[in-house]
Amino acid sequence: MFCTNFLRSFFALLFLALTSACAVPSIHSRPVQEEPTWFVRLDSVDPVDRRTVGYQHPATWSEQDLFAILSRLFLEQRVGLMDDPRPVRQVFSREELQHIVPSVREAFHTAMPQEWVAFTIVQPSGTENHALTSGGLFLEADRLHIVVANHRTILPTNSPEGLKVRHNPLYSVNGSGGILGLEPRRYVLSTKANWSGGYRASANEMVLDHVGLLASINLSDRMESTRLISPSGPPGLPQTLHSNVESTAEATTSDPAVAIHRLEGEIEHLKRQLADKQREVERLKANSLGQPTSR
C-alpha cells in the first residue's frame, strides 16, 4: 500500500513538473503599428518567467540597414537524400518590407531590455483562406537574432491556429518551412530550432553577425535600398527584391572605391573573428594552468 501511494504521488509530481515546464508563458504586448493585414509590436513574458532575459534594447537602426538585412533572408526547404533540391524562397516580398521596416525600426528604438520585436503579415489566399508569415527579432550579445515561425502558412480565416499566432507570433503551426539563410553565408553564425512559441512545432532562428554584414554592403546598395522602401507600382502585387539587390551590386562592383570599401569590411570581420579565437585560446590556457597535472 505504501509503495502504491508513493508511486502515485511520484507520478503526479512528475506530471505537474512536465506540464509546468512545457507551459507557454503569458505574453504581454505593446503595439507599435497595427493594420488589417500586418502588425509590428513589442512582446514580453510575465516577470516570473523572465529569469535572466535581457536583450540589448533599445537599439538604434536605420531603415536602410534593416531593409538591407531583411531583403537578403531566404528559406531553404528540407528535402530527403534522394530528392531533388528545391528552390529557395524569399522570406519577405518588397511590398511587405515597405510596410514593416519603418515600424521594426521604431520598435527597436522604443524596446525595453525584456522585450523583443514581433511581427505578423497576413495575405489573402483564395476566398476563405489566408497566408500567414510571423516571427520576431532581438539583439543579444552583439548579435542580431531573427526568428521565422510561419512562412506563407495557409490557414482558414479566423482559424484557432491563426488566433494563436496573433497572440504569439513565435507560435509555429507547421514549422517555418525551411532553414533560414542569408547571403553572404559567412555572416550567419548559427541556425537553430526555437521553441519559445510552444511545442507543437519549432520556429527557425538565425544568429547573424549584422555588423560584419553591413560593413560589407557598399553605400550604393544601401541608397538603393532606401529608394526601394518607397512604394512603387500598384499595391497587392508582392515582388521579390533579390534581383534588384543583385543588379545593384553588379552595377557598383566595377567602382574601385566600392571594392576598397568592401575589402575594408571583410578585413574588419576577419579581425573580429581572430580576436574571438584569441580570447578563446587565452581562456583555455588559463583553465589548463589551473588543472592538476598527472605524475
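Residue numbers (the numbering used here): 14 to 308. Every residue gets a Cβ at the ideal spot worked out from N, C-alpha and C, and that includes glycine.
{"Item": "Are the Cβ atoms of residue 225 and residue 182 separated by less than 8 Å?", "Value": "no"}
{"Item": "Do residue 84 and residue 52 have their C-beta atoms closer together than 8 Å?", "Value": "no"}
{"Item": "Which one of 45, 59, 143 has the shortest CA to CA distance from residue 39?", "Value": "59"}
{"Item": "Would you list the residues sitting across from residue 47 in a DSSP beta bridge?", "Value": "52"}
{"Item": "Please determine if the segment 145 to 161 and the segment 212 to 223 are in contact, where contact requires at least 3 C-beta pairs separated by less than 8 Å.", "Value": "yes"}
{"Item": "Grouping DSSP H, G and I as helix and E and B as strand, with all else coil, what is residue 89?", "Value": "strand"}
{"Item": "Tell me, please, which residues DSSP counts as bridged to residue 172.", "Value": "For residue 172, which the question treats as bridged, DSSP gives no partner whatsoever."}
{"Item": "What do you reckon, are the CB atoms on residue 204 and residue 217 nearer than 8 Å?", "Value": "yes"}
{"Item": "Please say whether residue 166 and residue 145 have beta carbons closer to each other than 8 Å?", "Value": "yes"}
{"Item": "In chain order, what residues of the same chain have a beta carbon less than 6 Å from the beta carbon of residue 57, not counting five sequence neighbours either side?", "Value": "41, 127, 128"}
{"Item": "Just curious, the alpha helix (DSSP H) that residue 114 is in, first and last residue?", "Value": "107 to 123"}
{"Item": "Residues bridged to residue 138 by DSSP?", "Value": "142"}
{"Item": "Considering only the beta carbon of each residue, do residue 76 and residue 114 sit closer than 8 Å?", "Value": "yes"}
{"Item": "Using the C-alpha atoms, what's the distance from residue 169 back to residue 142?", "Value": "4 Å"}
{"Item": "Note down the Cα distance separating residue 90 from residue 194, rounded to an integer number of angstroms.", "Value": "10 Å"}
{"Item": "Can you tell me which of the three DSSP states residue 225 falls into?", "Value": "helix"}
{"Item": "Whose C-beta lies closer than 6 Å to the C-beta of residue 72 among residues of the same chain, with five residues either side of it excluded?", "Value": "121, 152"}
{"Item": "Count the other CB atoms, across all protein chains shown, that sit within 10 Å of the CB of residue 107; report buried if there are 16 or more and exposed otherwise.", "Value": "buried"}
{"Item": "Go ahead and pull the three-state DSSP assignment for residue 183.", "Value": "coil"}
{"Item": "Would you call the CB atoms of residue 70 and residue 125 closer than 8 Å?", "Value": "yes"}
{"Item": "Buried or exposed: where does residue 295 fall if 16 or more other Cβ atoms within 10 Å of its Cβ makes it buried?", "Value": "exposed"}
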